[in-house]
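Heads up, the thing below is written out as structure tokens.
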Amino acid sequence: MDNRYIAEVKNGIYWVGSVDWNLRDFHGFTTPRGASYNAFLIKGSEPILVDTVKRPFTGELLAKAAAVTDLKNIRHLIINHIEPDHSGAFPEVIRHLPNCRIYASEIGKIGLHRYYDFERDIQVVRSGETLALGDRTVRFVETPMAHWPDSMVTWMPDEKVLFSSDIFGQFLATSERFDDESDPPFLDAAVYYANIVFPFNREVIATLDLVKQLKLNPEYVLPDHGILWKKHIAGIMDRYRSWATGACAEGVLILYDTMWGSTEIMAGSIHDSLVRRGVTVRKLRIRSSSLSDIMREVLFSRVVLIGTPTINNTVFPAVGQVLIYMQGLDPGPGRLWGAFGSYGWGGGGVEYVSRWLRQNRYEVIHAPVESQFTPNKALLAACDEYAEAVAGKIANMKQ
Ligand code: FEO
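Residue numbering for the sequence shown is 0 to 398, as defined by our numbering.
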């Protein structure tokens, strides 16, 4: 007997995914709490598989699906998103499902054929299209760029179940499957949002509006990663809106690194001056933090001040790495930015950060403050003035 864990969501809809307990890096994204790849098998007169899993978990998916129904009975395979953490098992899965029809968005179809070598045809589905698959009905909603061009979600109107693909996911390995079995993983969802979804704020708002407009009112929202939502659906949707609009952002994040301590002294001085003025501040030394955690802090901050030393007339490499990582995630709009830092014989680090801000058209809150060697009294006074100006602008923003 196969005693693998298979969770029933409701009315013959089963979770047949995998938990990746030991994943610590997802294409550069630190995953200290592991991950899961959720796939779902819907029993009925014509069983439906929704999404697959990462390739190393192919055997587990097939064994779980076979425990629910004979694989030859599976008549439909819906691919909501082609990124390999969900489609890696696809080529092997379709070899075991000879009688299934495959559905994807138009771009999903192209992508699957580019990723994998297979002959089977794929039926392209479009937004609003409703299909009766045996005694089950599904409706497709394309969500391009939330978060890939191929992305779509699948809605089951009779069961009120939304298969939301990557949207509302979290990188989290747990033995629990549902959000009423432990504390809801809002913070994990925020880390995921900040590192995966951040560039697509507009698309997220459009998707949330669409869910409202279509009056979907799901009883279950089933993302392809992490905990499945049933009790806290309004909570996660409200948070997504707040993350996408920047309503969640408050206070100042001081993001810095240091070479011989000068930039760290400045970071501390700016921190203390802001706190004295009643501003909420978080201070992170870059090399002590993962990129994933840095992005979570950026998500929740209204102002980001970036401090760098100068090495070989340019930015400190650890700071430069953060700038490159942030460039694609584009957290700039809706936030205010600043630069500060230090140098020895020749400058360049602060200018690099300032140029990066200009090139990205990020709104700068105040001209940078810069120290040669260790900050002296005059420089610390300049840090205090810098903090005063930042605090003043934050106070004005609140009015
Ligand atoms: Fe979880 Fe975009 O893949």
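Don't be surprised by glycine CBs; every beta carbon is placed ideally from N, CA and C.
Inter-residue Cα distance where the pair is residue i and residue j
i      : j      : result
Met265 : Tyr385 : 11 angstroms
Trp20  : Phe299 : 28 angstroms
Gly340 : Arg276 : 22 angstroms
Tyr255 : Glu369 : 13 angstroms
Asn216 : Ile47  : 22 angstroms
Ser288 : Trp355 : 21 angstroms
Arg295 : Leu171 : 15 angstroms
Lys9   : Met258 : 56 angstroms
Asn37  : Thr173 : 12 angstroms
Ala394 : Arg334 : 14 angstroms
Pro31  : His224 : 15 angstroms
Ala243 : Gln212 : 18 angstroms
Ile305 : Val318 : 8 angstroms
Arg201 : Glu350 : 31 angstroms
Arg3   : Tyr114 : 30 angstroms
Val196 : Asp329 : 10 angstroms
Ile109 : Phe117 : 12 angstroms
Ala377 : Gly260 : 17 angstroms
Arg94  : Leu132 : 21 angstroms
Ala248 : Trp154 : 31 angstroms
Ile235 : Ser241 : 10 angstroms
His26  : His75  : 30 angstroms
Met151 : Val137 : 13 angstroms
Spatial neighbours of residue i in its chain, beta-carbon cut-off 6 angstroms, leaving aside the 5 residues before and after
i      : result
Gln326 : none
Tyr13  : Ile5, Glu7, Leu40 and Val67
Pro222 : Ser163, Phe167 and Gly168
Ser181 : Glu175
Met0   : With a pLDDT of 49 at Met0, under the threshold of 50, the predicted position of this residue should be treated as unreliable, though the coordinate-derived value follows. Once the five neighbours on either side are set aside, Met0 has no close Cβ partner at all.
Supposed close pair residue i, residue j - CB separation, criterion 8 angstroms
i      : j      : result
Phe185 : Arg238 : 6 angstroms
Glu218 : Lys159 : 4 angstroms
Ile106 : Asp149 : 4 angstroms
Gly343 : Phe372 : 6 angstroms
Arg135 : Gly43  : 5 angstroms
Neighbourhood of residue i by C-beta distance below 7 angstroms, restricted to the same chain and skipping five residues each side
i      : result
Leu111 : Ile78, Ile81, Ser86, Phe89, Ala103 and Ile121
Val280 : Gly250, Val251, Ile253, His270, Leu273 and Val274
Val363 : Trp336, Gly337 and Leu356
Phe56  : Ser17, Tyr36 and Ala88
Val15  : Ile5, Ala38, Phe39, Leu40, Leu60, Lys63, Ala64 and Val67
Tyr324 : Leu290
Contact with chain B by residue i, beta-carbon distance below 8 angstroms
i      : result
Pro330 : Structure shown: chain B not included; a single protein chain is present.
Beta-carbon contacts of residue i that lie in its chain and below 8 angstroms, excluding the five residues immediately before and after
i      : result
Pro97  : Lys71
Ala246 : Arg240
Exercise for the section: Take every Cβ of the stretch 45-57, pair it with every Cβ of the stretch 184-193, and state whether three or more of those distances are shorter than 8 angstroms. Expected result: no
Practice task
Please confirm if the stretch 117-128 is in contact with the stretch 55-68, defined as three or more CB-CB distances below 8 angstroms between the two stretches.
Solution key: no
Problem - Neighbourhood of ligand 1 [Cβ distance below 6 angstroms to any heavy atom], ordered by chain position - result: His80, Glu82, Asp84, His85, His146, Trp147, Asp165, Asp223 and His224
Practice task
Determine contact between the stretch 129-147 and the stretch 202-213, defined as no fewer than three beta-carbon pairs at a distance below 8 angstroms.
Solution key: yes
Handout entry: At least three beta-carbon pairs within less than 8 angstroms, the stretch 22-33 to the stretch 153-167
Key = no
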